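Working notes, beginning with the structure itself.
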Amino acid sequence: MAEERTGIFYPEPHTEGIDNTRKRRPPKNLPDAMLKALRPKQWVKNVLVVAAPAAAGAEALTDGRTLLDVLLAFVVFCLAASSIYLVNDARDVDADREHPTKRYRPIASGMLPINLAYAMAVILIVAAVGLSFLASSGWGLAAVVSVYIALQLGYCFGWKHLPVIDIALVSSGFMLRAMAGGVAAGIELSQWFLLVAAFGSLFMASGKRYSELLLAERTGKKIRRSLQGYTPTYLRFVWTLAATAVVMSYALWGFQLSNAVEGMASIWYQVSMVPFTIAILRYAADV
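Here the sequence shown is numbered in the numbering used here, starting from -5 and rising by one per residue.
Below, the structure is given as structure tokens:
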């Protein structure tokens, strides 16, 4: 599963195993370094905040206040994620300077001082948590983004080297994003949505680690320390289990919803299982 083909489900930037090989250059100046250190190109993954409102139906997506809450959740997670990128790059600066491509990152290249990076991270964290209280849910979005920040900081400060824990933390990043939009708008999250989000996140994270392990064994490259605690058989098992669970959870959710309505809506819930399953299979084809 090549990283450049993972679409919006791109792995957490601070969990990247191998940078692509396209030519890179260090930032031109301090403002350029500050902007690049935020990694705005990675913000696209935060569109996952739309997941819960979309699952709630067209009524939620056409409500003005709900859309504002979803937009707020998107902005909040962009700020939170950028703070994590800064902390991660500051922590890994020595290793990045020895890497053929990561040495061009703003902090590793020396264009962005480490102390300034940490200061920017603190400001972004405060801004993310502060803005989250503007959501309709009040403290709900603040709780979600605070948990996200705490877990990802733990990842940056050493948990990423622990087998199983690292997969759980990467999965949590996807799941918390999927929950955020619904929590911000005060939309009740069903148990089926949570199951689909949880197993879907585990499917993506374990698939990522599985592909990295295969690449490491094939090329002999050192990608990440946590891979030493995995075997291909184990990761394949977790990946397959997650894929099976997410498809079954979605199917049961679809059948439940189809029994609660009549007409074309009932048929749609059942038919939607087909493209969902195809999407899972297509994602798996890249591994």
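Every residue, glycine too, gets a C-beta built ideally from N, C-alpha and C. Given the structure is predicted, the values throughout are model-derived calculations rather than measurements.
Are the Cβ atoms of residue 141 and residue 170 separated by less than 8 Å?
Yes, they are a contact pair.
Specify whether the region 58 to 67 and the region 196 to 207 touch according to this definition: at least 3 beta carbon pairs, one from each stretch, less than 8 Å apart.
Inter-segment contact for the region 58 to 67 and the region 196 to 207 is absent: fewer than three beta-carbon pairs are separated by less than 8 Å.
Helix, strand or coil for residue 152? Go by DSSP, reduced to three states.
Reduced to three states, the DSSP call for residue 152 is coil.
Give a yes or no on whether the C-beta atoms belonging to residue 18 and residue 79 are separated by under 8 Å.
The answer is no: Cβ separation not under 8 Å.
Less than 6 Å between C-beta atoms, sequence neighbours within five positions excluded: which residues of the same chain meet that for residue 232?
Excluding sequence neighbours, residue 232 sits near 200.
Hey, quick one: how far does the alpha helix (DSSP H) through residue 169 stretch, first residue to last?
Counting along the chain, the unbroken alpha helix (DSSP H) around residue 169 starts and ends at 159 to 179.
The alpha helix (DSSP H) that contains residue 59, what's its start and end?
For residue 59, the enclosing alpha helix (DSSP H) has its first and last residue at 58 to 85.
Am I right that residue 30 and residue 100 are in contact with their C-beta atoms under 8 Å? What's the rounded C-beta distance?
Right, their Cβ atoms sit about 5 Å apart.
Using a 10 Å radius around the Cβ and a threshold of 16 neighbouring Cβ atoms, would you call residue 88 buried or exposed?
Residue 88 is exposed by the Cβ-count criterion.
Leaving out five residues before and five after residue 15 in sequence, what residues of the same chain have Cβ atoms less than 8 Å from its Cβ?
Because the pLDDT at residue 15 is just 45, under 50, the model does not fix this residue reliably, and the value given afterwards should be weighed accordingly. Within the same chain, 95 come within 8 Å of residue 15 by CB-CB distance, once the 5 residues on both sides are set aside.
Exposed or buried, residue 151, counting other C-beta atoms within 10 Å across all chains shown (16 or more means buried)?
Taking a 10 Å sphere around the C-beta of residue 151, we find fewer than 16 other C-beta atoms and assign the residue as exposed.
Given residue 157, which residues of its chain have a CB within under 7 Å of its CB, disregarding the five upstream and five downstream residues?
Around residue 157, the same chain offers 220, 223, 224 as residues with beta carbons nearer than 7 Å, after the five sequence neighbours per side are excluded.
Between residue 13 and residue 203, what straight-line distance do the alpha-carbon atoms span, to the nearest angstrom?
Reliability fails at residue 13, whose pLDDT of 44 lies under 50, so the model's placement of it is uncertain and the value that follows must be treated cautiously. CA-to-CA, the gap between residue 13 and residue 203 works out to about 15 Å.
Could you give the distance in angstroms between the alpha-carbon of residue 83 and the alpha-carbon of residue 182?
Annotation: residue 83 to residue 182 spans about 36 Å, alpha carbon to alpha carbon.
Three-state class that DSSP yields for residue 257 in the structure shown
Here residue 257 sits in coil by DSSP.
Taking the alpha helix (DSSP H) that residue 185 falls in, what are its first and last residues?
Where residue 185 is concerned, the enclosing alpha helix (DSSP H) stretches over 185 to 213.
Just the C-alpha distance for residue 191 and residue 47, rounded to the nearest angstrom, thanks.
Computed Cα separation, rounded: 13 Å.
Residue from 153, 178, 93, 165 whose Cα sits closest to the Cα of residue 123
Nearest Cα to residue 123 within the set 153, 178, 93, 165: 178.
Output the distance between the C-alpha atoms of residue 211 and residue 229, rounded to the nearest integer angstrom.
Taking the straight line from one Cα to the other gives about 14 Å.
So residue 118 and residue 55 are supposed to be a Cβ contact under 8 Å. How far apart are they, rounded?
In fact, because the Cβ distance is near 28 Å, the residues do not count as touching under 8 Å.
Take residue 243 and list the residues in its own chain whose beta-carbon comes closer than 7 Å to its own, dropping the five residues that flank it on each side.
Contacts found: 186, 189, 190, 193.
Just checking my contact of residue 43 with residue 174 at CB under 8 Å: how many whole Å lie between their CB atoms?
Contact between residue 43 and residue 174 is confirmed by a C-beta separation of about 5 Å, below the 8 Å threshold.
Which class does residue 217 belong to by DSSP, given the choice of helix, strand or coil?
Coil at residue 217, not helix or strand.
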